[in-house]
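Visitor: Okay, so the sequence shown: first residue is 2 according to my numbering, each after it adds one.
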Amino acid sequence: MRSHLCGEINETLDGQSVTLCGWVDRRRDLGGLIFISLRDHAGIVQVVAEPDSAAFAAAGRLRNEYCVRIRGVVRMRPASQWNESMATGKIEVLAAEVEVLNAAAPIPLLMTDEDGEEIRLRYRYLDLRRPRMQKNIRIRAKLNQSIHRHLDGRGFLEIETPILTRATPEGARDYLVPSRVQAGKFFALPQSPQLFKQLLMMAGMDRYYQIARCFRDEDLRADRQPEFTQLDMELSFVDEAGVQEVAEDLIRAVFSDVLAVKLPTPFTRMRWKDALENYGSDKPDLRYPMRLYSVDEHVSHVDFRVFSGPANADGQRVAALRVPGGADFSRKQIDQYTTFVARYGARGLAWIKVKDAAAGLAGLQSPIAKFLDDKAWKGIAAQTGVESGDLLFFGAGEWLQTSVFMGHLLVRCGQDLELSVAGWQPLWVTDFPMFEWDEDNHRYTAMHHPFTAPQADSADDLRAAPGGTLSRGYDMVLNGAEIGGGSIRIHKPEMQQAVFELLGIGKDEAEAKFGFLLEALRYGCPPHGGIAFGLDRIAALMAGEASIRDVIAFPKTTTAQCPLTDAPSVIATEQLDELHIEVKTPRDCS
Numbered sequence: 002m003r004s005h006l007c008g009e010i011n012e013t014l015d016g017q018s019v020t021l022c023g024w025v026d027r028r029r030d031l032g033g034l035i036f037i038s039l040r041d042h043a044g045i046v047q048v049v050a051e052p053d054s055a056a057f058a059a060a061g062r063l064r065n066e067y068c069v070r071i072r073g074v075v076r077m078r079p080a081s082q083w084n085e086s087m088a089t090g091k092i093e094v095l096a097a098e099v100e101v102l103n104a105a106a107p108i109p110l111l112m113t114d115e116d117g118e119e120i121r122l123r124y125r126y127l128d129l130r131r132p133r134m135q136k137n138i139r140i141r142a143k144l145n146q147s148i149h150r151h152l153d154g155r156g157f158l159e160i161e162t163p164i165l166t167r168a169t170p171e172g173a174r175d176y177l178v179p180s181r182v183q184a185g186k187f188f189a190l191p192q193s194p195q196l197f198k199q200l201l202m203m204a205g206m207d208r209y210y211q212i213a214r215c216f217r218d219e220d221l222r223a224d225r226q227p228e229f230t231q232l233d234m235e236l237s238f239v240d241e242a243g244v245q246e247v248a249e250d251l252i253r254a255v256f257s258d259v260l261a262v263k264l265p266t267p268f269t270r271m272r273w274k275d276a277l278e279n280y281g282s283d284k285p286d287l288r289y290p291m292r293l294y295s296v297d298e299h300v301s302h303v304d305f306r307v308f309s310g311p312a313n314a315d316g317q318r319v320a321a322l323r324v325p326g327g328a329d330f331s332r333k334q335i336d337q338y339t340t341f342v343a344r345y346g347a348r349g350l351a352w353i354k355v356k357d358a359a360a361g362l363a364g365l366q367s368p369i370a371k372f373l374d375d376k377a378w379k380g381i382a383a384q385t386g387v388e389s390g391d392l393l394f395f396g397a398g399e400w401l402q403t404s405v406f407m408g409h410l411l412v413r414c415g416q417d418l419e420l421s422v423a424g425w426q427p428l429w430v431t432d433f434p435m436f437e438w439d440e441d442n443h444r445y446t447a448m449h450h451p452f453t454a455p456q457a458d459s460a461d462d463l464r465a466a467p468g469g470t471l472s473r474g475y476d477m478v479l480n481g482a483e484i485g486g487g488s489i490r491i492h493k494p495e496m497q498q499a500v501f502e503l504l505g506i507g508k509d510e511a512e513a514k515f516g517f518l519l520e521a522l523r524y525g526c527p528p529h530g531g532i533a534f535g536l537d538r539i540a541a542l543m544a545g546e547a548s549i550r551d552v553i554a555f556p557k558t559t560t561a562q563c564p565l566t567d568a569p570s571v572i573a574t575e576q577l578d579e580l581h582i583e584v585k586t587p588r589d590c591s
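What follows is the structure, given as structure tokens:
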């Protein structure tokens with residue numbers, strides 16, 4: 002039906018006849034001439050219908066989003082009319098014939114970024130026609146293609162794992178699927194292929210991968226969806242360095258293939274504790290040229306309990322953040338930052354404006370300057386490298402909470418002052434704690450998942466110091482986003498049983514939920530490890546999108562609904578009866 006794509010038409014085709022198919026992006030009727038911007042997935046080309054041509058009358062009847070076929074001749078535009086912002090901007094097509102393949106009803110959305118999310122998802126098939134969305138979906142397709150090429154060429158087997166499986170505790174609620182033939186029993190949709198990929202290592206498959214659909218029934222954010230896609234990888238007879246080398250090579254390859262971007266070799270490594278200490282995050286964004294400083298030693302002696310209390314207490318800290326040029330902040334702006342960090346548990350935010358760094362204490366403007374002496378200020382100034390015109394923010398309290406709210410403040414100030422350095426900053430975050438203490442339930446929870454191996458020589462060593470044991474887990478972070486997480490797995494049954502015990506999973510419960518895994522570990526399980534990458538997040542980063550919904554063809558809303566198909570929906574009573582299910586509404590349960 003067509004000889005060329007719209008985006009392929011250029012000056013090398015001058016004088017040639019072409020046949021194009023696409024949608025009317027815009028029509029302008031100038032009386033003597035009709036201009037049509039014709040769009041397909043490759044781009045937009047300008048078509049001109051002149052009044053003495055057979056195409057003129059048909060062109061006059063066109064409206065936005067009509068699906069058409071146009072035959073014509075390529076010709077150069079006058080140099081004064083060249084549009085350098087378009088790949089086809091030096092030429093136009095003189096229409097000889099215009100055929101309407103399918104007319105379009107009045108379009109219910111603007112087909113621009115001004116459309117709200119609800120209407121964009123309701124008419125997603127129209128929204129996806131836009132050049133921005135075409136670009137995003139094609140970036141994602143190229144990402145998948147690159148992954149397959151790279152891993153297929155390095156001895157990995159692509160193996161599918163079950164979608165219908167059993168419920169396992171992996172940190173989020175399962176989506177449940179009732180079984181018709183096993184009355185009263187349910188499958189669960191997988192939160193990840195974790196256990197199956199470990200079983201594949203036990204089966205001697207050595208190197209496995211899968212671009213897997215996964216499901217979690219959790220509250221949604223910009224980077225969350227109830228169904229998502231991850232690249233799942235697992236390798237046998239490896240340590241942390243072995244998995245990380247393979248994963249780094251892959252990410253470098255896909256960024257080169259998709260964006261022609263060269264990422265550094267090797268990636269930066271950072272321990273979890275150092276990431277929190279210096280950046281207030283376990284996924285630091287190294288594009289911001291700022292960091293946190295622990296100034297405990299400089300303020301431990303001052304007569305200001307807000308500082309000296311935490312500075313002298315175990316497990317607490319006083320953290321300082323230098324904001325370049327921040328001395329120009331108004332008091333209103335500073336108050337807004339104080340309100341901002343309160344969301345993350347901060348009970349206050351101290352600050353110092355440095356008007357004249359050379360003048361010492363006399364050059365400071367701050368409500369807390371009166372509590373500092375020369376020794377304290379000289380130590381703070383030397384450690385932070387503060388200069389005239391800068392602002393120092395201070396947070397104090399429990400170590401982790403203070404680190405986290407100051408980390409959020411770091412990013413917020415960096416964004417507001419546009420301090421981000423262009424480019425890509427990948428890194429590995431390693432040496433996570435094995436467990437977190439759940440104060441509400443008085444028990445340990447797994448920092449990653451319960452199948453991550455600890456940095457302990459034996460199960461007895463782990464039991465002796467669970468709170469101080471680090472894991473063999475690692476995350477890959479890119480520009481402040483965690484794009485992948487993995488670990489070396491537990492490959493001995495006694496260590497796996499010890500981890501279950503510390504997580505409050507007794508022997509009977511472990512056998513009921515994970516008996517197949519514990520049994521498999523007894524039959525010569527090899528050392529193994531792996532990683533899973535969030536492809537939605539990687540595609541969003543590549544496309545420059547803030548939300549993963551803009552790189553997913555048919556995503557859900559933040560309330561886990563699909564406006565296009567009106568899912569989820571009410572199920573007929575007859576079908577529920579077949580499944581032996583009775584539905585109770587919230588009103589029934591009240």
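The beta carbon of each residue, even a glycine, is placed where N, CA and C say it ideally should be.
Using CA coordinates, which residue listed in Val101, Ala383, Leu102, Arg133 is at the minimum distance from Glu115?
Guide: Looking up residue 115 in the sequence shown gives position 114. The shortest Cα separation from Glu115 among Val101, Ala383, Leu102, Arg133 belongs to Arg133.
Visitor: Hey, how far is the Cα of Trp273 from the Cα of Asp336?
Guide: As a first step, residue 273 must be located in the sequence shown, where it is residue number 272. As a first step, residue 336 must be located in the sequence shown, where it is residue number 335. If you draw a straight line from the Cα of Trp273 to the Cα of Asp336, it comes to about 31 Å.
Visitor: With respect to the beta strand (DSSP E) encompassing Thr566, which residues constitute its N-terminal and C-terminal limits?
Guide: Locating residue 566 in the sequence shown gives position 565, counting from the first residue. For Thr566, there is no enclosing beta strand (DSSP E), as DSSP marks it with neither H nor E.
Visitor: Give me, in chain order, the residues of the same chain whose beta-carbon lies closer than 6 Å to that of Leu95; leave out the 5 immediate sequence neighbours on both sides.
Guide: Position 94 of the sequence shown, counting from 1, holds the residue named residue 95. Excluding residues within five positions, the ones whose Cβ falls inside 6 Å are Val49, Gly73, Val74, Arg76.
Visitor: So what does DSSP say about Gly310, is it helix, strand or coil?
Guide: Locating residue 310 in the sequence shown gives position 309, where the first residue counts as 1. Helix at Gly310.
Visitor: Give the straight-line distance between the Cα atoms of Leu31 and Asp15, rounded to the nearest whole angstrom.
Guide: Counting from one through the sequence shown, the residue named residue 31 turns up at place 30. Counting from one through the sequence shown, the residue named residue 15 turns up at place 14. Rounded to whole angstroms, Leu31 to Asp15 spans 24 Å at the Cα level.
Visitor: Let me confirm a value: Tyr524 is counted as buried when at least 16 other C-beta atoms fall within 10 Å, else exposed. Which label applies?
Guide: Working through the sequence shown from its first residue, we reach residue 524 at position 523. Exposed: under 16 other Cβ atoms inside 10 Å.
Visitor: Assuming the contact rule is C-beta atoms closer than 8 Å, Gly316 and Trp400 should be a hit. Round their C-beta distance to whole Å, please.
Guide: Residue 316 sits at position 315 when you count from the first residue of the sequence shown. Residue 400 sits at position 399 when you count from the first residue of the sequence shown. Right, the Cβ-Cβ distance comes to about 5 Å (below 8 Å), so this counts as a contact.
Visitor: Grab me the residues of Cys7's own chain with a C-beta within less than 8 Å of its C-beta, minus the 5 sequence neighbours each way, in chain order.
Guide: Taking the first residue of the sequence shown as position 1, residue 7 is located at position 6. So the qualifying residues of the chain are Leu21, Gly23, Leu39, Arg40, Asp41, Ala43, Gly44, Ile45, Val46, Thr89.
Visitor: Give the C-beta separation of Leu393 and Trp352 to the nearest angstrom, bearing in mind that I take them to be a contact with Cβ-Cβ under 8 Å.
Guide: For this step, residue 393 is matched to residue 392 along the sequence shown. For this step, residue 352 is matched to residue 351 along the sequence shown. At roughly 7 Å, the Cβ-Cβ gap stays under 8 Å, so Leu393 and Trp352 are in contact.
Visitor: Per the contact definition of three or more C-beta pairs closer than 8 Å, is the stretch 398 to 414 in contact with the stretch 317 to 329?
Guide: Cβ pair count under 8 Å is three or more, so yes.
Visitor: At the level of alpha carbons, what is the spacing between Gly535 and Ser54?
Guide: Here residue 535 is taken as the residue at index 534 of the sequence shown, counted from 1. Here residue 54 is taken as the residue at index 53 of the sequence shown, counted from 1. Distance from the CA atom of Gly535 to the CA atom of Ser54, rounded to whole angstroms, is 54 Å.
Visitor: What would DSSP say about Ser472, mapped onto helix, strand or coil?
Guide: For this step, residue 472 is matched to residue 471 along the sequence shown. Reduced to three states, the DSSP call for Ser472 is strand.
Visitor: Under the assumption that Leu201 contacts Tyr209 (Cβ atoms under 8 Å), give the Cβ distance between them as a whole number of angstroms.
Guide: In the sequence shown, residue 201 corresponds to position 200, counting from 1. In the sequence shown, residue 209 corresponds to position 208, counting from 1. Right, their Cβ atoms sit about 5 Å apart.
Visitor: Out of Glu161, Gly205, Val182, Gly185, which one is the CA nearest neighbour of Pro614?
Guide: The displayed coordinates of the chain run from 2 to 591. Any statement about residue 614 would go beyond what the structure contains.
Visitor: Using only alpha-carbon positions, find the residue among His149, Ala56, Gln498 that is nearest to Glu159.
Guide: Within the sequence shown, residue 159 is the residue found at index 158, counting from 1. Scanning His149, Ala56, Gln498 for the CA closest to the CA of Glu159 turns up His149.
Visitor: Out of Arg292, Ile108, Leu503, Glu510, state which residue places its alpha-carbon closest to the alpha-carbon of Gly415.
Guide: Here residue 415 refers to the residue found at position 414 of the sequence shown. That would be Arg292, whose Cα lies nearest to the Cα of Gly415.
Visitor: Output the distance between the C-alpha atoms of His302 and Phe308, rounded to the nearest integer angstrom.
Guide: Along the sequence shown, one-based indexing puts residue 302 at 301. Along the sequence shown, one-based indexing puts residue 308 at 307. Cα to Cα, His302 sits roughly 9 Å from Phe308.
Visitor: Go ahead and pull the three-state DSSP assignment for Glu66.
Guide: Within the sequence shown, the letter at position 65 stands for residue 66. DSSP places Glu66 in the coil class of the three-state scheme, outside both helix and strand.
Visitor: Touch check for the stretch 480 to 500 and the stretch 233 to 244: three-plus C-beta pairs under 8 Å?
Guide: yes
Visitor: Could you spell out the range, first to last residue, of the beta strand (DSSP E) harbouring Val19?
Guide: The count along the sequence shown starts at 1 and reaches residue 19 at position 18. 18 to 30 is the span of the beta strand (DSSP E), which, as asked, contains Val19.
Visitor: Once DSSP output is grouped into helix, strand and coil, what is the label at Trp352?
Guide: Counted from its first residue, the sequence shown places residue 352 at position 351. Residue state, collapsed to three classes: strand.
Visitor: Under 9 Å, do Phe188 and Leu152 count as touching if we go by C-beta distance?
Guide: Translated into the one-based positions of the sequence shown, residue 188 becomes position 187. Translated into the one-based positions of the sequence shown, residue 152 becomes position 151. Against a cut-off of 9 Å, the Cβ pair of Leu152 and Phe188 comes out as no contact.
Visitor: Which residues in the same chain have their Cβ closer than 7 Å to the Cβ of Phe501, if we skip the five residues on either side of it in sequence?
Guide: For the purposes of this step, residue 501 is taken as the residue at position 500 of the sequence shown. Listed in chain order, the non-local C-beta contacts of Phe501 below 7 Å within the same chain comprise Pro451, Ala511, local neighbours out to five positions each way being set aside.
Visitor: Between the stretch 512 to 522 and the stretch 211 to 225, are three or more C-beta pairs nearer than 8 Å?
Guide: no
Visitor: Return yes when the C-beta of Ile45 is under 8 Å from any heavy atom of the ligand NAP, and no when it is not.
Guide: Questions concerning the ligand NAP fall outside what the structure shown contains, since it holds no ligand whatsoever.
Visitor: Under 9 Å, do Ile140 and Met543 count as touching if we go by C-beta distance?
Guide: Mapped onto the sequence shown, residue 140 falls at position 139. Mapped onto the sequence shown, residue 543 falls at position 542. The answer is yes: Cβ separation under 9 Å.
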